[in-house]
Amino acid sequence: MSLLVKNGCFFVDQKRLDLTLSLAPGETKGIYGASGTGKSTLFHLLAGLNEKGFEEGTYTIDDRTLNQLSIRERSTSISLLFQNPDMQFCMATPREELLFCLENQCTPQADMPIKVAEALTFCEISHLADQPFTTLSGGEKQLVALACCLILKSRYLLLDEPFANLDADTSQKVIRKLRQLQKQHAIGILLIDHQIKETADWVAEWLLIEEGFRSVDQEKMRTLDQELRRSLPPVENKKLSAKERLSFQDFRLPIRNQAIVFPNLTFDSGAMIGLTGRSGSGKSSFLKAILQQQAYSGTIRLCGDPIKKHPSPFRSISWIMQNPQDQFLAATVAQELSQGRAATESDKLLEKLRLQNKSTQSPFLLSQGQQRRLAVAALLQRPVKLLLVDEPTYGQDVKQAWQVMQLLAEKSASGTLVLIVSHDVLLLEAFCSQIIDFNHYEKEDIDAHPQPDSQVIRHFRTRLTGFFSK
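Per the working numbering: the sequence shown = residues 36 to 505.
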């Protein structure tokens with residue numbers, strides 16, 4: 036009994052990849068490789084999302100092919116956690132999504148509430164059950180997506196970057212729970228991950244994608260990861276004369292039934308500031324408050340002026356979103372990069388980001404990691420005073436994560452204030468002059484403080500409409 040690929044073959048960018056893989060019940064294996072090398076493509080093949088399947092070889096789950104399994108049987112055999120959890124949801128809230136999963140398995144209606152409650156409790160997200168997905172953080176969505184996989188009781192789990200949106204403590208908590216499940220139910224787990232340290236004591240064997248697949252043990256994988264990090268170029272910190280760029284006075288940020296109380300904060304031009312903290316602690320909401328998309332109380336000043344009264348805030352700020360697909364406007368990668376750039380400069384940037392063979396491709400057909408690099412590069416040319424960046428290194432291998440951070444450092448060296456949300460504390464420590472940890476700020480009940488300005492969202496919509504009409 037196992038998940039078995041024997042002499043399998045598939046293609047990524049016309050490059051042939053040969054694979055033989057065996058995953059036994061209760062076993063954990065990892066997939067490691069550079070962004071865009073075919074890791075997620077492999078998972079889609081294993082989950083049966085690509086109808087054509089492997090070009091060659093055989094693929095069986097407990098001695099049966101996918102074609103021999105009904106859709107219902109397939110769901111109890113194998114589940115896939117998508118790299119982008121937003122692609123996984125069909126309903127409006129976590130509770131509705133979990134019920135939908137059970138409905139597709141024809142679960143008796145009387146059993147559904149108990150199973151949903153068990154999944155929510157196991158993943159420690161009961162408090163999110165009836166929250167709209169639009170209000171959840173990336174990490175909270177990742178936990179809901181995991182609950183959806185677990186409620187199906189599949190014998191094999193495919194986890195695509197399961198910890199990328201999670202802080203270190205939550206990641207370790209999830210690993211402990213998955214190991215508990217493996218011990219109780221002999222679940223086989225195959226995962227894609229770039230953070231080798233997070234899984235050091237869990238994953239015994241890795242499949243490393245280079246020219247093909249090769250198997251390495253955990254100790255060898257740890258050594259390769261350390262050698263790669265030591266080979267990274269040094270960080271150059273270029274300092275300009277600082278001017279006050281962004282400040283917060285009496286600032287309170289509501290997150291559901293609590294408000295985060297911030298001291299008076301001031302950030303100077305040319306600084307790189309890291310924002311970190313637990314999933315759902317308010318990091319992305321902090322960026323949205325600056326953009327007037329999130330209600331808050333207090334005063335935010337941009338270049339000395341209250342941002343609500345700033346003559347042209349959206350001409351002074353760029354925002355690299357957590358989901359890069361939300362910001363693409365052009366039909367091809369080259370067109371997305373070409374705005375405000377000479378052709379030679381765009382070509383150099385494509386090569387630096389390992390996207391040179393993707394120039395004529397739609398941005399929406401890139402891998403998640405490639406999309407994130409493109410999103411960062413596309414907005415760097417814009418001359419702004421403030422750059423807000425949400426999880427720029429998600430889905431990146433070590434080299435590309437470093438490259439992305441170096442591009443952001445070059446932007447800050449030109450005088451732009453750069454605020455970066457990330458769970459990768461090592462990267463933030465290497466590049467940022469200051470790190471704001473949202474876990475350390477005081478929280479108070481919403482009723483204990485006046486409600487945030489109800490005009491913020493209306494004001495934002497009015498200003499945004501005016502901006503696009505110019």
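Here a beta-carbon is modelled for each residue, glycine too, at the ideal position from N, C-alpha and C.
### Task
Would you mind listing the alpha helix (DSSP H) stretches within the segment 167-192 that are 4+ residues and don't spill past its ends, in chain order?
173-186
#### Entry: Q405, buried or exposed, once every other Cβ within 10 Å from all chains shown has been counted against 16
buried
### Query
Does the pairing of the segment 309-325 with the segment 453-460 give three or more beta-carbon distances under 8 Å?
Output reads yes: the segment 453-460 touches the segment 309-325.
### Query
Where does Q49 fall in DSSP's three states?
coil
### Task
State buried or exposed for P268, treating a residue as buried only when at least 16 other CB atoms are found within 10 Å of its CB.
exposed
### Query
Just the Cα atoms here: how many angstroms apart are R389 and L300?
38 Å
### Message
Measuring straight from C-alpha to C-alpha, what distance separates A366 and S397?
### Response
6 Å
#### Entry: Rounded C-alpha distance that separates L54 from S75
Their Cα atoms are separated by approximately 14 Å.
### Query
Going straight from the alpha carbon of C44 to that of R51, what length do you get?
7 Å
### Query
Can you tell me whether DSSP reads I492 as helix, strand or coil?
Low confidence applies to I492: its pLDDT is 38, below 50, so where it sits in the model is not reliable, and the reading given next is rough at best. Correct three-state label for I492: helix.
### Message
Quick check: what's the CA-CA separation for S266 versus L442?
### Response
18 Å
### Query
Tell me which same chain residues have a C-beta within less than 7 Å of the C-beta of G247, skipping the five on either side of it?
L52, D53
### Task
Taking 7 Å as the cut-off, decide whether the C-beta atoms of S206 and S319 are in contact.
Result no, Cβ atoms of S206 and S319 do not sit closer than 7 Å.
### Message
Counting C-beta neighbours from all protein chains within 10 Å, is the total for E445 16 or more, i.e. buried, or is it exposed?
### Response
By the 10 Å Cβ count, E445 comes out exposed.
### Message
P197 and L81 - do their beta-carbons sit closer together than 7 Å?
### Response
no
### Query
Of the choices G174, S282, G305, whose alpha-carbon is the least far from that of A16?
With the chain covering 36 to 505 only, the question about residue 16 has no answer from this structure.
### Message
For D432 and G73, I'd like the C-alpha separation in whole angstroms.
### Response
13 Å
### Query
If we count the other Cβ atoms within 10 Å of its Cβ and call it buried at 16 or more, is D228 buried or exposed?
buried
### Message
Can you check which of these residues, N200, S351, N102, is closest to N85 by C-alpha distance?
### Response
N102
### Endpoints, the beta strand (DSSP E) within which W437 is located
Taken as a continuous stretch (DSSP letters only), W437 belongs to no beta strand (DSSP E), being part of the alpha helix (DSSP H) at 433-448.
### Sub-7 Å separation of V238 and T111 beta-carbons
no
### Message
Short of 8 Å in beta carbon distance, which residues of its chain neighbour E159, apart from the five on each side in sequence? Order them along the chain.
### Response
Contacts found: L178, K208.
### Query
Who pairs with F283 in a beta bridge, going by DSSP?
Partner(s): L300, I335.
### Query
In terms of residue numbering, what span does the beta strand (DSSP E) encompassing I227 cover?
223-227
### Query
Does the segment 408-426 come close enough to the segment 322-332 to have 3 or more Cβ pairs within less than 8 Å?
yes
#### Entry: For D121 and V251, the rounded distance between their alpha carbons
32 Å
### Task
Note down, in chain order, each residue of its chain lying with its Cβ closer than 6 Å to the Cβ of W241, except the 5 sequence neighbours on either side.
G65, Y67, V251, M256
### Query
With distances taken from CA atoms, which of E90, D48, A69, Y94 is nearest M36?
Y94
#### Entry: Closest by C-alpha distance to R264, when choosing among Q230, Q217, L216
Of the candidates Q230, Q217, L216, the residue whose Cα lies closest to the Cα of R264 is Q230.
### Task
Go ahead and label G339 buried or exposed: buried means 16 or more other beta carbons lie within 10 angstroms of its beta carbon, across all protein chains shown.
The Cβ neighbour count for G339, taken over all protein chains shown within 10 Å, is under 16; the residue is labelled exposed.
### Message
Can you give me the C-alpha to C-alpha distance between Q362 and M356, rounded to a whole angstrom?
### Response
Q362 and M356 have their alpha carbons spaced roughly 7 Å apart.
### Query
Distance, Cα to Cα, S316 vs R107?
37 Å
### Task
Could you check how far apart the C-beta atoms of L409 and V368 are, in whole angstroms? I think they sit under 8 Å.
6 Å
### Query
Would you report the Cα separation of L39 and L77, rounded to the nearest angstrom?
Computed Cα separation, rounded: 13 Å.
### Bridge partner(s) assigned by DSSP for Q293
Bridge partners of Q293: I290, D480.
### Query
Using a Cβ-Cβ cut-off of 6 Å (strictly less than) and excluding sequence neighbours within five positions of L213, which residues of its own chain qualify?
none
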